[in-house]
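Visitor:
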Amino acid sequence: MQIATKGIVIRERSVNDDRLVTLLTRDHGVINAFARGAKRLKGKLTSSTELFCYSRLVLFEGRDSYTVNAAECDASFFELRKDLDKLALASYIAELCCELAPKEEEAEEYLRLLLNTLHFLKTGQRAGAQLKAIFELRLLTMAGFMPDLVGCRGCGAHEGRLLFLPSSGELACLSCRAKDPPESIEETIELPPPVLAAMRHILYSDLERLFSFHLTEGNLRLLARVSERYLLCQMGRSYKALEFYHSLAAL
Numbered sequence: 031m032q033i034a035t036k037g038i039v040i041r042e043r044s045v046n047d048d049r050l051v052t053l054l055t056r057d058h059g060v061i062n063a064f065a066r067g068a069k070r071l072k073g074k075l076t077s078s079t080e081l082f083c084y085s086r087l088v089l090f091e092g093r094d095s096y097t098v099n100a101a102e103c104d105a106s107f108f109e110l111r112k113d114l115d116k117l118a119l120a121s122y123i124a125e126l127c128c129e130l131a132p133k134e135e136e137a138e139e140y141l142r143l144l145l146n147t148l149h150f151l152k153t154g155q156r157a158g159a160q161l162k163a164i165f166e167l168r169l170l171t172m173a174g175f176m177p178d179l180v181g182c183r184g185c186g187a188h189e190g191r192l193l194f195l196p197s198s199g200e201l202a203c204l205s206c207r208a209k210d211p212p213e214s215i216e217e218t219i220e221l222p223p224p225v226l227a228a229m230r231h232i233l234y235s236d237l238e239r240l241f242s243f244h245l246t247e248g249n250l251r252l253l254a255r256v257s258e259r260y261l262l263c264q265m266g267r268s269y270k271a272l273e274f275y276h277s278l279a280a281l
C-alpha cells in the first residue's frame with residue numbers, strides 16, 4: 031500500500047548503496063524506511079533523504095518495513111552541518127524525537143515543534159540553550175511527562191520562593207519543603223520568578239508563541255540546567271548526543 035505524507039529525516043544509516051532512514055512523519059509518527067540507491071551520487075533519492083531534510087514523501091508500506099518510493103525536498107537544514115555546535119544540538123533533539131515521538135500514529139504537533147526548533151537553530155534567532163530547554167520541556171509535556179508548575183505541592187502557593195523537584199516534576203515552597211521528613215534527600219533547584227514564568231510559558235503557550243520569551247544570560251543557563259535535569263530524571267538515562275554537545279562547550 032502506498033501512502034503520501036510529509037516528514038523529516040531524524041536518523042540515517044548506510045546499507046551498501048541504500049539508506050535506512052528514520053523519519054518523523056506528519057501522519058504516521060516515527061517510522062523506519064529504506065531509500066533505495068540513496069547513497070549513489072546521482073540517485074533520485076540522494077538529496078531528499080539526507081539527515082534533517084524535510085520532504086514530501088510517497089512511501090510503500092510492506093509487511094515488515096517501509097520503502098521510500100518518491101521524495102521531494104521542501105526544506106533543507108543542511109547548513110546545520112557547517113556548525114559543529116548546532117549539529118550536535120540538532121542531533122540530540124533528533125535523538126529525543128526517536129524516543130519520545132509517537133510511532134505509527136499521527137504526529138503533526140511533534141513535527142511542527144521539531145521544524146520550528148531547527149528553523150531557529152539554523153537562523154540563529156534564538157540561543158541554543160533556549161531552544162534546547164524549550165524543546166525538552168515541550169516534548170516531555172506532549173509525550174505525557176508534563177511537570178506540575180501550578181503551585182506548591184503542599185500549600186498551593188504559586189509565587190514567591192519556590193523550589194523545583196526534578197524527580198517528581200513538582201514545586202515546593204520553602205516552608206513546605208522544611209516539613210519534609212529528615213531522611214528526604216530529594217534534589218531541589220530554586221527557581222527565580224523569571225525562570226518559573228519561562229517554564230510555564232513553554233508548557234502552556236500556543237506553538238505560535240512558544241519561542242517568544244527572553245531571559246537574562248544567567249536565568250537562561252538555569253532554565254537550560256533545570257529542563258535537562260528534569261528530562262534525565264524522567265527518562266532514567268543519558269544520551270550520547272547530549273554528552274557530545276556538552277563536550278564541545280568544554281573545549
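Residue 31 is where the sequence shown starts when you use the numbering used here, and the numbers rise one by one after that.
Cβ atoms here follow ideal geometry from the backbone N, Cα and C, with glycine treated the same way.
Quick check: the Cα distance between H231 and L144, rounded to an integer number of angstroms?
Guide: When rounded, the distance between both Cα atoms is 18 Å.
Visitor: Taking the Cβ atom as the reference point for each residue, do L81 and T55 lie within a distance shorter than 9 Å?
Guide: no
Visitor: What first and last residue would you give for the beta strand (DSSP E) that runs through Y84?
Guide: Here the beta strand (DSSP E) through Y84 covers C83 to E91.
Visitor: Using DSSP bridges, identify the partner residues of L289.
Guide: Residue numbering for the chain in the displayed model covers 31 to 281; residue 289 lies beyond these limits and cannot be assessed.
Visitor: Helix, strand or coil for F64? Go by DSSP, reduced to three states.
Guide: If DSSP states are grouped into helix, strand and coil, F64 belongs with the strands.
Visitor: Can N46 and K69 be called in contact, C-beta distance under 9 Å?
Guide: yes
Visitor: Using a Cβ-Cβ cutoff of less than 8 Å, which residues in the same chain neighbour L110 once the five nearest sequence positions on both sides are dropped?
Guide: Take L110, set aside five residues on each side of it, and the residues of its chain with a beta-carbon closer than 8 Å to its own are F82, K116, L117, A120, L148, L151 and K152, in chain order.
Visitor: I need the straight-line Cα distance from T79 to N62, nearest angstrom please.
Guide: 12 Å
Visitor: Using CA coordinates, which residue listed in K72, S197 and K36 is at the minimum distance from G59?
Guide: K36
Visitor: Quick check on T171: does DSSP put it in helix, strand or coil?
Guide: Residue state, collapsed to three classes: helix.
Visitor: For the 8 Å Cβ check, are there 3 or more pairs between the stretch 256 to 272 and the stretch 153 to 173?
Guide: The answer is yes - the stretch 153 to 173 touches the stretch 256 to 272, with three or more Cβ pairs under 8 Å.
Visitor: Candidates V39, E42, R267 and M229: which alpha carbon is nearest R168's?
Guide: M229
Visitor: Taking the alpha helix (DSSP H) that Y96 falls in, what are its first and last residues?
Guide: Note, Y96: premise wrong, no alpha helix (DSSP H); beta strand (DSSP E) at Y96 to S106.
Visitor: Keeping to the same chain, check which residues put their C-beta closer than 6 Å to that of K133; ignore five residues upstream and five downstream.
Guide: Around K133, the same chain offers G59 and V60 as residues with beta carbons nearer than 6 Å, after the five sequence neighbours per side are excluded.
Visitor: Under DSSP, the alpha helix (DSSP H) around G37 begins and ends at which residues?
Guide: No alpha helix (DSSP H) contains G37, which is instead part of the beta strand (DSSP E) from Q32 to V45.
Visitor: What are the boundary residues of the alpha helix (DSSP H) that L54 is part of?
Guide: Taken as a continuous stretch (DSSP letters only), L54 belongs to no alpha helix (DSSP H), being part of the beta strand (DSSP E) at D48 to T55.
Visitor: Report all residues from its chain with a CB closer than 6 Å to the CB of A34; omit the five preceding and five following residues, and keep chain order.
Guide: Excluding sequence neighbours, A34 sits near V88.
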